[in-house]
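Chains as they are written, first to last, in the working numbering: chain A, 1 to 376; chain B, 1 to 447.
The following block contains the structure:
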């Protein structure tokens, strides 16, 4: 990855990472409780298959880390290990410096939000929220105070006496979050937290979740297969593959400069140009064992005879034929045959745009500096 | 086509055949019997007065209720942990255990009762073995007492308790238990605070079914109990045989029915799982509300708070034992229960190969004589063939009528879905099986 970065960019990245950590540290008092999580040689076998195969994983204090991966990549097992529902076969997990490999879930100080929310259907919202406090032996008056405070925080003031089945999906989600946070635990674990919500609500909850994380400053590990969620929420994303960590970095870096083909394909769409019969020009030299990669939104589509832009010398132009066009609200997606490869091009819909149909001759263009190289 | 569409649109009509059969088989006779008990058309409650006028009758009634309550309680105490362990087992083990329980459910009640006579009788298996080893000099009085009645009744009723419990327990979302533990609840607290309250609908259904069925028991208490352990239905049966006063018999039958109806009305039957149903606030959970909100519970909870706080800080991030012992104890418990459930049936199968002329265990020798005599005797084979024919006919009829009714009711009252599915799936295929097995085992255990 560092091959593809200029010195300047590397500096900028280092600076950004530094400021992020600083920002984390300054968050607020709650951070004092936030714990660092560390995996040391952890493996978890299911039969002969290693679901988690010694990932080197450290979650910094107050960080929002998302584990992303296809099903079967070991991301859920990683979370189960963190939660204490399964014990590792080898290695140790440290939370706040304490070894927890043999510690059962109920002796850990943690908050978990489950995909199904797992609200107790036989208890009111208030009693649901009280539950973790009760288990920690917190007195009744203090419990009541804390419940009121958190209910207000998640804007459910009047719903304390409702049963969970009487709440909407979004409200249930907020109760689940509140219940995970109410005891002020040092770590928060989220298992596909927004998976059960519809699209609009999900975006709203992403904002809410981000706000809560900022406010509580709690070390958060989120498991998801939803890349939008991962990109929006995280300080850092880990992409897992077959029990190992394929790549870990800040969302912008991971999306913009993926190191491997797997990450490029998994996080968003990618044009990976294998053998197109033409050379892809780049500002940097292509390292061996890599392929050029272009994100669909970095490519512009135009009629073949359209005038070239002023920075034409920094661009590469190719011509091709439109295979099909998919209209998706604010976006228009083209599949274009160029030589023997198929390019995906994404264009924001704007007025005065020329729309191409399948069979049309088009010219594709991109900045040479937008070309990335990914390991195969 | 048109009428069919109409039928689909008005699905309640599909339940008509089922209700017609039920009415014909149960409804009309019951009404007639009820009128009879009231001495219709003069209408008097003389028969009921006569029933309660006799101290012996009242004693038998109270005894019936007492035996039923105790049997239900034992079924619950044995059945709940068994159901819990079956639910917690891995999928293949669970299926195997459920098949065991279901097989038992389908085996003839008569056979199982007689198996207990063979086991517990004065010349029975247990006494024989104890005498053999010289542990006792005279046979122990294991049979013809209240204990033997409970052993037999619990044995027969246990599947009725276990199956609804397992059905409700399997419906409890696993992530709820994970969530409970993740919030700091020890396994025992997690069980009492979350699992048990959520399994209460199963407890209610199972207990009600067992209790109501126990009320009507006659064969088992008569066969295993002493003279003082008569149940009301035994009483009714003997009255039918000895006297021709249908009205007074009808009165006692309706008193029994009233007890059962009262229990059903108070607690209500509910097979459907609590999960995913939009229950009204606290309506479906009123008993749980009583449990958790009662002042006593709250007081105890307050008392436990400082202790909890102390334990929380002391045990935080401490390793726990592997819990292997509890697993072993659980496995041993389930093995015992399954043994208790299956052994009498196995015994009957072994005895059917006996060379001896009477019910005896262990058999004095092995032979196929009973099977030879069964297949050699035209009256036996004829009866078996008739049973199978009737079984098939009833299976076909009940499947058609039952499916129509289930479809109709399901469309009309979606909440009834699970109970009806269970009833239809559970009952119709077992007809042939149970009648065939009953016939074979009845013949083989004949002396």
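Cβ coordinates follow ideal geometry from the N, Cα and C atoms, glycine included.
Computed from a predicted structure; not experimentally measured.
- A residue is called buried when at least 16 other Cβ atoms come within 10 angstroms of its Cβ; residue 110 (chain A) meets this threshold and is buried.
- Interface annotation for the stretch 309-337 of chain B against chain A: 309, 310, 311, 312, 315, 316, 317, 318, 319 and 320, criterion Cβ-Cβ distance under 8 angstroms.
- In this structure, residue 58 (chain B) and residue 52 (chain B) form a Cβ contact; the two beta carbons are roughly 6 angstroms apart against a cut-off of 8 angstroms.
- In the three-state scheme derived from DSSP, where H, G and I count as helix and E and B as strand, residue 159 (chain B) is classed as helix.
- Neighbours of residue 306 (chain B) in chain A, taken as residues at a C-beta separation under 8 angstroms, are given in chain order as 137.
- For residue 36 (chain B), same chain residues with a beta-carbon under 7 angstroms away, outside a window of 5 residues either side, are 246, 247 and 250 in chain order.
- Comparing alpha carbon positions, the residue from A:328, A:323 and A:369 closest to residue 358 (chain A) is A:323.
- Taking C-alpha positions only, residue 321 (chain A) is separated from residue 336 (chain A) by approximately 5 angstroms.
- Between residue 82 (chain B) and residue 335 (chain B), the C-beta spacing is not below 8 angstroms.
- Here residue 191 (chain A) is buried, its C-beta having at least 16 other C-beta atoms within 10 Å.
- Among the CB atoms of chain A, one or more fall inside 8 angstroms of the CB of residue 183 (chain B).
- DSSP places residue 250 (chain B) inside the alpha helix (DSSP H), whose first and last residues are 246-267.
- Taking the Cα positions, residue 226 (chain B) is about 16 angstroms away from residue 237 (chain B).
- When DSSP reads this structure, residue 271 (chain A) sits in a beta bridge with A:294.
- At a cut-off of 8 angstroms between C-beta atoms, residue 93 (chain B) does not count as an interface residue with respect to chain A.
- Runs of the alpha helix (DSSP H) lying entirely within the stretch 146-219 of chain B, each at least 4 residues long, are 146-170, 174-182, 187-190 and 196-215 in chain order.
- Interface criterion not met: the Cβ of residue 216 (chain A) is under 8 angstroms from no Cβ in chain B.
- When Cβ-Cβ separations below 8 angstroms define contact, residue 141 (chain B) makes no contact with chain A.
- With fewer than 16 other Cβ atoms from the protein chains shown falling within 10 Å of its own Cβ, residue 152 (chain A) counts as exposed.
- Residues of chain B with a Cβ closer than 9 angstroms to the Cβ of residue 109 (chain A) are, in chain order, 184, 312, 316 and 317.
- By the neighbour-count criterion, in which a residue is buried when 16 or more other Cβ atoms sit within 10 angstroms of its Cβ, residue 105 (chain A) is buried.
- Between the alpha carbons of residue 199 (chain B) and residue 353 (chain B) lies a distance of about 43 angstroms.
- Taking 8 angstroms as the threshold, the shortest C-beta distance from residue 116 (chain A) to chain B falls below it.
- With respect to chain B, the C-beta atom of residue 104 (chain A) has a partner C-beta closer than 8 angstroms.
- Within the stretch 79-105 of chain A, the residues whose Cβ lies closer than 7 angstroms to some Cβ of chain B are 83, 85, 98, 100, 102, 103, 104 and 105, listed in chain order.
- For residue 216 (chain B) against residue 243 (chain B), the beta-carbon gap comes to about 20 angstroms, at or over 8 angstroms, which does not count as contact.
- Of A:154, A:136 and A:130, the smallest CA-CA separation from residue 145 (chain A) is found for A:130.
- Between residue 266 (chain A) and residue 55 (chain A), the CB-CB gap reaches or exceeds 8 angstroms.
- Just measuring C-alpha positions, the residue of A:328, A:116 and A:224 sitting nearest residue 68 (chain A) is A:224.
- Contact check between the stretch 93-103 of chain A and the stretch 36-49 of chain A: three or more CB pairs, one atom from each, fall below 8 angstroms, which counts as touching.
- Within the same chain, and ignoring the five residues on either side of residue 136 (chain A) in sequence, the residues whose Cβ sits closer than 7 angstroms to its Cβ are 183.
- Within chain A, the residues placing a beta-carbon under 9 angstroms from that of residue 198 (chain B) are 120, 121 and 122, ordered along the chain.
- If you look at residue 319 (chain A), you'll find it in the beta strand (DSSP E) that goes 315-328.
- For residue 330 (chain B), same chain residues with a beta-carbon under 6 angstroms away, outside a window of 5 residues either side, are 85 in chain order.
- Against residue 67 (chain A), chain B offers no close residue; the least beta-carbon distance is about 18 angstroms (beta-carbon pairs closer than 8 angstroms).
- DSSP places residue 108 (chain B) outside both helix and strand once states are collapsed to three, so it counts as coil.
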